[in-house]
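Encoded as structure tokens, the structure appears first; notes follow it.
There are 2 protein chains.
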Amino acid sequence: MKVIKFGGSSLASATQLKKVYKIVVDDPKRKFVVVSAPGKRFAEDVKVTDLLIDCGAKHLLGETATELEQAVLTRYASIADELGLGHEVMERIERDFKELISSDKTNPDRYMDRIKASGEDNNAKLIAAFFRSQGTEAHYVNPQDAGLFVTDEPGSAQVLPESYENLYRLQDRDGIVVFPGFFGYTKDGEISTFSRSGSDITGAIVANGVKAEVYENFTDVDAVYAVNPAIVHKPKEIIELTYREMRELSYAGFSVFHDEALVPAFQAGIPVQIKNTNRPELPGTRVIHRREATNGPVVGIASDGGFCSIYITKYLMNREIGFGRRVLEILEGAGLTYEHMPSGIDDLTIILRENQMDCHTEDTLLDCLKNELSSDEVVIEHKIALVMVVGEAMKHNVGITARAAKALSDAKINIEMINQGSSEVSIMFGVKEESEKKAVRALYNEFFN
Amino acid sequence: MKVIKFGGSSLASATQLKKVYKIVVDDPKRKFVVVSAPGKRFAEDVKVTDLLIDCGAKHLLGETATELEQAVLTRYASIADELGLGHEVMERIERDFKELISSDKTNPDRYMDRIKASGEDNNAKLIAAFFRSQGTEAHYVNPQDAGLFVTDEPGSAQVLPESYENLYRLQDRDGIVVFPGFFGYTKDGEISTFSRSGSDITGAIVANGVKAEVYENFTDVDAVYAVNPAIVHKPKEIIELTYREMRELSYAGFSVFHDEALVPAFQAGIPVQIKNTNRPELPGTRVIHRREATNGPVVGIASDGGFCSIYITKYLMNREIGFGRRVLEILEGAGLTYEHMPSGIDDLTIILRENQMDCHTEDTLLDCLKNELSSDEVVIEHKIALVMVVGEAMKHNVGITARAAKALSDAKINIEMINQGSSEVSIMFGVKEESEKKAVRALYNEFFN
Chain F
215 MKVIKFGGSS
225 LASATQLKKV
235 YKIVVDDPKR
245 KFVVVSAPGK
255 RFAEDVKVTD
265 LLIDCGAKHL
275 LGETATELEQ
285 AVLTRYASIA
295 DELGLGHEVM
305 ERIERDFKEL
315 ISSDKTNPDR
325 YMDRIKASGE
335 DNNAKLIAAF
345 FRSQGTEAHY
355 VNPQDAGLFV
365 TDEPGSAQVL
375 PESYENLYRL
385 QDRDGIVVFP
395 GFFGYTKDGE
405 ISTFSRSGSD
415 ITGAIVANGV
425 KAEVYENFTD
435 VDAVYAVNPA
445 IVHKPKEIIE
455 LTYREMRELS
465 YAGFSVFHDE
475 ALVPAFQAGI
485 PVQIKNTNRP
495 ELPGTRVIHR
505 REATNGPVVG
515 IASDGGFCSI
525 YITKYLMNRE
535 IGFGRRVLEI
545 LEGAGLTYEH
555 MPSGIDDLTI
565 ILRENQMDCH
575 TEDTLLDCLK
585 NELSSDEVVI
595 EHKIALVMVV
605 GEAMKHNVGI
615 TARAAKALSD
625 AKINIEMINQ
635 GSSEVSIMFG
645 VKEESEKKAV
655 RALYNEFFN
Chain D
215 MKVIKFGGSS
225 LASATQLKKV
235 YKIVVDDPKR
245 KFVVVSAPGK
255 RFAEDVKVTD
265 LLIDCGAKHL
275 LGETATELEQ
285 AVLTRYASIA
295 DELGLGHEVM
305 ERIERDFKEL
315 ISSDKTNPDR
325 YMDRIKASGE
335 DNNAKLIAAF
345 FRSQGTEAHY
355 VNPQDAGLFV
365 TDEPGSAQVL
375 PESYENLYRL
385 QDRDGIVVFP
395 GFFGYTKDGE
405 ISTFSRSGSD
415 ITGAIVANGV
425 KAEVYENFTD
435 VDAVYAVNPA
445 IVHKPKEIIE
455 LTYREMRELS
465 YAGFSVFHDE
475 ALVPAFQAGI
485 PVQIKNTNRP
495 ELPGTRVIHR
505 REATNGPVVG
515 IASDGGFCSI
525 YITKYLMNRE
535 IGFGRRVLEI
545 LEGAGLTYEH
555 MPSGIDDLTI
565 ILRENQMDCH
575 TEDTLLDCLK
585 NELSSDEVVI
595 EHKIALVMVV
605 GEAMKHNVGI
615 TARAAKALSD
625 AKINIEMINQ
635 GSSEVSIMFG
645 VKEESEKKAV
655 RALYNEFFN
């Protein structure tokens, strides 16, 4: 059995839904279909979820939102109309939506979560109806009925472990199961949504629950690319990569999807196949636990800006037991998380995301690090980018570091930091943000051209 | 004014003492002479300090040690005799030594410290007498009289801050001050010795106290070499290096002298000149705060074995606030100090000195790291060597890393770890111990040949 999940752009219009139907029925193993809300049909279009958020916000402010409500319903209606579905499904959607809009607003977070979740929920109803209209048995399944229980954290719900056993029973259902992504129910019967990429999370949870042989994730790109296409024109596609490689790439800004969304599938050892709804004949990218074949030691190059570094120096630091631990305690006390902490003999550097820092935090932090630790010098540097060269096969490959460092050197890029050796899967270079793109291009050329 | 310190091999025989005398009187600024105990005259010779340790140990065991005592006294007597010194000085040394041997043994550490310190103390008396015999006013000064006070930690005494003010008054003494290295006095009037390189420490303390313009450290090598001569034949000499470079090199096994011995001079901003007693006309090596001139970005290459690495991996580690801090707490709890802690996204590596670990500590540690932190995997790797490429000018020099990594790659050496970016003064490579020498040679060839 396969779990197949479609993203918003794959479900944005009747044309797209016809492709989706074809894909699903093309393989009888595709029994579990997890769906997003209708996404953008064209670049300037508005996603249904965004319409819903505006709509909910207005109602919470006590305003009317007739136009927004109409816009939401029109999206479903135009799809239903074009697909030639009967009135029944739209009547149900309209009735449910009106009821929802006027529901209890005493807890605004819960109200918003209900409104947001309706985007996926109504789409699942509509898609099930469409499949049936095509002569295929398909049923909308409500997450509460299926037993997808989550913590009571609106907007960042976590799945409860018992859900997997409940979902396992979905196998007994007749026909195709159409399941709305993005949300589950608390034990009190309240809707609670996942964080970003919420439909990806639902797909991974369902895949885990039903013990799927593969979790197919259909989106609007042909594959995961070896490098950001905004930086390198027409980059190579990755046929196969491991979870760890995926995660390292995601960390440094790869956004095909949010790696943590895969955790439930990862835990169950289920491979994830990323494919394009518009070109399902292409192989796409497969994310797996281990891989044998390799198309070179480096699988991809990623980068992300927005880091800063704090450099602390103190003579005889390495003789001072507990120095590193005290530095980390000061960071924790300031509510900051750090990314890396390379250390020398008399110095250490903390790399952290800049968006955690404001002037006040920065001043306080520098003051603590200087005075509480009696440091000789504390220097903060802003606008650092991390560039990652990722590939599981690198570990046993003498010379990858040399090639990478030389490529950067030839491009006249100064390396502020190297982090190699902890992760066996990546080498990380710290460079100034202004050199980020140049660095990525230099490394791509070295390893892929 | 200059403080000039001579090591044991510079003071091992009458021939050596004549060279020393010539060096001292050659520059009227050389007023403060700090001396070690007589060292080896030839490769198989025994240092006076080692004779004294054996001698003290035997007495503590209640045995006699007539031969050892005689050997000690003979060393001084043969020097005194050859230098044509009168009986007076040897009579004093013999009397003092006999008294010392039979002194109170209720505190064995203090007894040993007194015995050990006599090596330097008697040599200072002898050298002062020799200088006077040559017509130069010179006086032995006892550290207690000079106010060199230290903590009550036999074998690892620390200087007390008030000593510097006391020593400042040494300037008022007439003639040349001959000062024994290696020990000071507690406030209770007990002798307490410094750790290894104790005479270097005394020299640095005196230099700080008298505000010397330079601390000249005479030894038996022409200079600090750019690499260990046991690994590379006839390596380049370093004309000038900074304290920080010196310290980075010392850390990785450079043993010209123990960098921490320089701390008192470093704190007072006093340059250290390393010279060869046997070839004083050579420029030697100057250790300074900052340097302008540079003979290339890399000043030296050092290496040291005996490290191990502990690799910890846990999925989503970087989201876990306090993970690094808890790792360091576990290490502290086990009484272990770590050297470096490179971290990836889901993993971190701890580099520590292997000699801290026995099987029991290792098992306990691995167990704690695995279970208390719920890590996915904890792997320890032994026999790691760290190879350091050191030079202050590297920071602004694009391409040093590339050259270093390429040199290692060309020599088919796998880089287990790179640590660059915290220290602005060095790049550190972790390699297997079996590749250590090969790595050092490859890097030396790259940067110096």
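Those protein sequences? They're chains F and D, same order as listed.
For the first sequence, the residue numbers in my numbering are 215 to 663.
For the second sequence, the residue numbers in my numbering are 215 to 663.
Backbone N, C-alpha and C fix where the C-beta goes; we use that ideal spot for every residue, glycine too.
Rounded to the nearest angstrom, what separates D:V593 and F:I614 at their Cα positions?
23 Å
Between D:Y399 and D:V364, how many whole angstroms is the CB-CB distance? I'm expecting something under 8 Å.
7 Å
Top-ranked residue by Cα proximity to F:A371, from F:I419, F:L566, F:A607, F:T263:
F:I419
Would the beta-carbon of D:R500 fall within 8 Å of that of D:I453?
yes
Across which residues does DSSP place D:Y439 in a beta bridge pair?
D:E451
Please give the ranges of any alpha helix (DSSP H) in the stretch 259–338 of chain F, keeping only runs that are unbroken, at least 4 residues long and fully inside the region.
262–274, 280–296, 301–315
Please report the straight-line C-alpha distance between D:M571 and D:A426, rounded to a whole angstrom.
43 Å
Please determine if the stretch 290–304 of chain F and the stretch 222–234 of chain F are in contact, where contact requires at least 3 C-beta pairs separated by less than 8 Å.
yes
Along the chain, where does the alpha helix (DSSP H) that runs through D:R458 open and close?
457–465
Within the same chain, show all residues whose beta-carbon is closer than 7 Å to that of D:G417, passing over the 5 residues directly before and after it, in chain order.
V217, K219, V248, G395, Y429, N431
To the nearest angstrom, how far is it from the Cα of D:Q481 to the Cα of F:N663?
53 Å
Rounded to the nearest angstrom, what separates D:G222 and D:A251 at their Cα positions?
6 Å
Can you tell me which residues form a DSSP beta bridge with D:N664?
The requested residue 664 of chain D is not part of the displayed model; chain D covers only 215 to 663.
When you compare the CB positions of D:L340 and D:I315, do they come within less than 8 Å of one another, or not?
no
Any idea what DSSP makes of D:L562, helix, strand or coil?
strand
Reduced DSSP secondary structure (H/G/I, E/B, other) of D:I544:
helix
Taking Cβ positions only, does D:G514 come closer than 8 Å to chain F?
no
Quick one: list the residues of chain F neighbouring D:T575, beta-carbon separation under 9 Å, in chain order.
Those do not exist, as D:T575 stays about 16 Å from chain F at its closest Cβ, beyond 9 Å.
How long is the line joining the alpha carbons of F:T263 and F:H574, rounded to whole angstroms?
36 Å
Three-state secondary structure (DSSP) of D:F408
coil
Between F:R255 and the ligand MG, is there a pair consisting of the residue's CB and a ligand heavy atom that are separated by less than 7 Å?
As for the ligand MG, it is missing from this structure, which has no ligand bound.
Look up D:F396 in the DSSP assignment and say whether it is helix, strand or coil.
coil
Assuming F:V645 and F:E660 form a contact by the criterion Cβ under 8 Å, report the distance between their Cβ atoms to the nearest whole angstrom.
With 8 Å as the limit, F:V645 and F:E660 do not qualify as a contact, their Cβ atoms being about 15 Å apart.
Can you name, in chain order, every residue of its own chain whose Cβ lies under 8 Å from the Cβ of D:K319, other than the five neighbours on each side?
H273, L274, Y325
What residue range does the alpha helix (DSSP H) around D:H650 cover?
In the sequence on display, residue 650 of chain D carries Glu and not His. Residues 650–662.
Looking only at its own chain, which residues have a Cβ that is under 6 Å from the Cβ of F:T433, when we skip the five neighbours before and after it?
G221
How about D:N633 and F:P556: are their beta carbons less than 8 Å apart?
yes
Pull the bridge partners of F:V601 from the DSSP assignment, please.
F:S517, F:F643
Along chain D, in chain order, which residues have C-beta atoms closer than 8 Å to that of F:G536?
L542, E546
I'd like to know whether the C-beta atoms of F:G520 and F:E568 end up nearer to each other than 8 Å.
yes
Once you ignore the five residues that flank D:M460 on each side, which residues in its own chain have a CB closer than 6 Å to its CB?
D473, V501
If you compare alpha carbons, which of F:G361, F:N628, F:L530 is closest to D:P478?
F:L530
Looking at F:V438 and F:V512, is the spacing between their C-beta atoms short of 8 Å?
no
In this structure, does DSSP put F:R505 in helix, strand or coil?
coil
So F:V391 packs on F:K245, CB below 8 Å; how close in whole Å?
6 Å
Residue closest to D:D590, alpha-carbon to alpha-carbon, out of D:Y525, D:E283, D:R539, D:K243
D:Y525
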